[in-house]
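All remarks here apply to the structure that follows.
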Amino acid sequence: MDRGEKSAPRPTGAGRVSLLARVALLALPALGEWALERLALLGRAAGYGLLALGEWLGERCLALLRRAGDDLGQAGERALRGDGAAGAALVLCLLVASTPALAGLLPAAPQAVAAPHLQAAGEALVAPPEDPLAYLQPLYAQNSDLVGWIAVEGTGIDFPVVRERAAPYYLTHNFAREGDRFGTPFIKHEISLEDRPDNLVVYGHNMPHSEKMFGPLEGYRDAAFCRAHPTLRFDTLTQAGEYRVVAVLLTRVYRQGEEGFRYYAETDFPDEASFAYFYENIKEGSLYDTGVEASYGDSFLTLSTCVYDWENGRLAVVAKRVSP
Numbered sequence: 149m150d151r152g153e154k155s156a157p158r159p160t161g162a163g164r165v166s167l168l169a170r171v172a173l174l175a176l177p178a179l180g181e182w183a184l185e186r187l188a189l190l191g192r193a194a195g196y197g198l199l200a201l202g203e204w205l206g207e208r209c210l211a212l213l214r215r216a217g218d219d220l221g222q223a224g225e226r227a228l229r230g231d232g233a234a235g236a237a238l239v240l241c242l243l244v245a246s247t248p249a250l251a252g253l254l255p256a257a258p259q260a261v262a263a264p265h266l267q268a269a270g271e272a273l274v275a276p277p278e279d280p281l282a283y284l285q286p287l288y289a290q291n292s293d294l295v296g297w298i299a300v301e302g303t304g305i306d307f308p309v310v311r312e313r314a315a316p317y318y319l320t321h322n323f324a325r326e327g328d329r330f331g332t333p334f335i336k337h338e339i340s341l342e343d344r345p346d347n348l349v350v351y352g353h354n355m356p357h358s359e360k361m362f363g364p365l366e367g368y369r370d371a372a373f374c375r376a377h378p379t380l381r382f383d384t385l386t387q388a389g390e391y392r393v394v395a396v397l398l399t400r401v402y403r404q405g406e407e408g409f410r411y412y413a414e415t416d417f418p419d420e421a422s423f424a425y426f427y428e429n430i431k432e433g434s435l436y437d438t439g440v441e442a443s444y445g446d447s448f449l450t451l452s453t454c455v456y457d458w459e460n461g462r463l464a465v466v467a468k469r470v471s472p
């Protein structure tokens, strides 16, 4: 360096501090953004963990309650049969031991609310059916919305069927009237099985990636599955019934004003023309020929569920009654 040139001044201690402060100020926004992202990730992870823990705890509590209920019921049966004082003592012990736990876990018993279709204004409650099928009697005593039982052998479909309340109550409640996203298979509330429709439509959920409720109906997209499971069973409260699959439809719910075959609206055939409209449409729209024919005067059972191929998609399995 020439002697005439002046060297650049070195930062003093105060200058270095000032420089570091400026660097820190510039870095703070980025650091804050990074910290917020980490906190958000930690928060989401904690939320998922708490949700999973809550579900696990709920399942464990329900299992314990069911086990306690089973033990109590068995002890009660022994006591009622007169199997000795031990049975009665066990009942008393279980009652005393379970009361505090149950009081903390179970909500207060709800006030009885009459279902709109059972007791409308100025209308008496529907009387219990005469001579009901034996296996349905205790279920009807538990829930008088019961109208029958649907089963498709070998598929997992084996459920009670209820009559829908004024609102779609059973889309989100199980047979015990507890909140349940899988719901319960149901018929529309205006349907009367005493004056049975020509085409009875039973609705049930089909949740993605689940085989619960009407999920197994997805199998009917394949003709081989239909050949393996050609028969549906639907028992009303008073009569058993067997049905053979006539058609399988992959369709959707149509908006008002749209043209399209609404299988869910075709429930009564007062004449041959109305039957022909229904029958021709289910046959033409069927995914394959099931080999089962029908004629005017036959009655039908349609199982209807959601599919997710497109908006408001529906899968309908239509079967005709073959016995009794």
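Residues in the sequence shown are numbered consecutively from 149, following the numbering used here.
Every residue gets a Cβ at the ideal spot worked out from N, C-alpha and C, and that includes glycine.
Limits of the beta strand (DSSP E) - the one that residue i falls within
i, result
"G389", "It is not in any beta strand (DSSP E) - G389 carries neither H nor E in the DSSP assignment."
"L348", "N347 to Y351"
"L463", "G461 to S471"
"F362", "Looking at the DSSP string, F362 is not in any beta strand (DSSP E), and its letter there is neither H nor E."
"G296", "L294 to V300"
"L451", "F448 to V455"
Straight-line gap, residue i to residue j (C-alpha atoms, nearest Å)
i, j, result
"L341", "Y288", "15 Å"
"Q259", "H321", "Because Q259 carries a pLDDT of 35, less than 50, the predicted location of this residue cannot be relied on, and no value is offered for it."
"L266", "G296", "Only weak support is given to the placement of L266: the predicted model assigns it a pLDDT of 35, under 50, and the question is left unresolved by the model."
"E390", "F382", "6 Å"
"Q387", "L294", "14 Å"
"L380", "Q404", "32 Å"
"A371", "T438", "7 Å"
"D279", "V393", "29 Å"
"S447", "R329", "31 Å"
"H353", "I339", "19 Å"
"L398", "Y427", "15 Å"
"F373", "E432", "20 Å"
"P472", "F323", "27 Å"
"R375", "A315", "37 Å"
"V501", "R325", "Outside the shown range of the chain, which is 149 to 472, sits residue 501, and nothing can be said about it."
"H357", "Y368", "16 Å"
"D457", "E366", "12 Å"
"F423", "E441", "13 Å"
"N291", "K468", "28 Å"
"A464", "Y425", "17 Å"
"Y436", "E406", "25 Å"
"M355", "S434", "23 Å"
"Y412", "A282", "31 Å"
Contacting residues, own chain, Cβ-Cβ under 7 Å from residue i (five flanking each side not counted)
i, result
"G461", "R400, C454 and V455"
"G304", "E359 and P364"
"E312", "Y318, F334, I335, K336 and H337"
"Y402", "G408 and R410"
Same chain only: Cβ atoms within 8 Å of residue i, ignoring 5 sequence neighbours per side
i, result
"G327", "T320 and H321"
"V350", "I298, V309, P333, F334, I335, F382, L449, T450, L451 and S452"
"E301", "H377, T379 and R381"
"E420", "Y444"
"G331", "Y318, L319, T320, H321, N322, G352, H353 and M361"
"E459", "R400"
Unbroken alpha helix (DSSP H) run spanning residue i, endpoints
i, result
"P308", "Not the alpha helix (DSSP H): P308 falls in the beta strand (DSSP E), residues I305 to R311."
"G433", "E420 to G433"
"A376", "A371 to A376"
"L521", "Since the first residue shown for the chain is 149 and the last is 472, residue 521 is missing from the structure and cannot be characterised."
Residues near residue i in its chain [Cβ-Cβ closer than 6 Å; skip 5 each side]
i, result
"D306", "A299"
"F409", "N429"
"V470", "E390 and R392"
"L243", "Residue placement at L243 is poorly supported in this model, since its pLDDT is 41, which falls under 50; the coordinates still yield a value, given next. Same-chain partners within the cutoff: there are none."
"L284", "L385"
"V396", "Y368, S434, L435 and V465"
"G191", "For G191, the pLDDT reaches just 49, beneath the cut-off of 50, and the residue's location in the model is therefore unreliable, although a value from the coordinates is still provided. So the list is empty, once near-sequence residues are dropped."
Expected contact under 8 Å - CB spacing of residue i and residue j to nearest Å
i, j, result
"L385", "P277", "4 Å"
For this session: Specify whether the region 412 to 423 and the region 341 to 350 touch according to this definition: at least 3 beta carbon pairs, one from each stretch, less than 8 Å apart.
Result: yes
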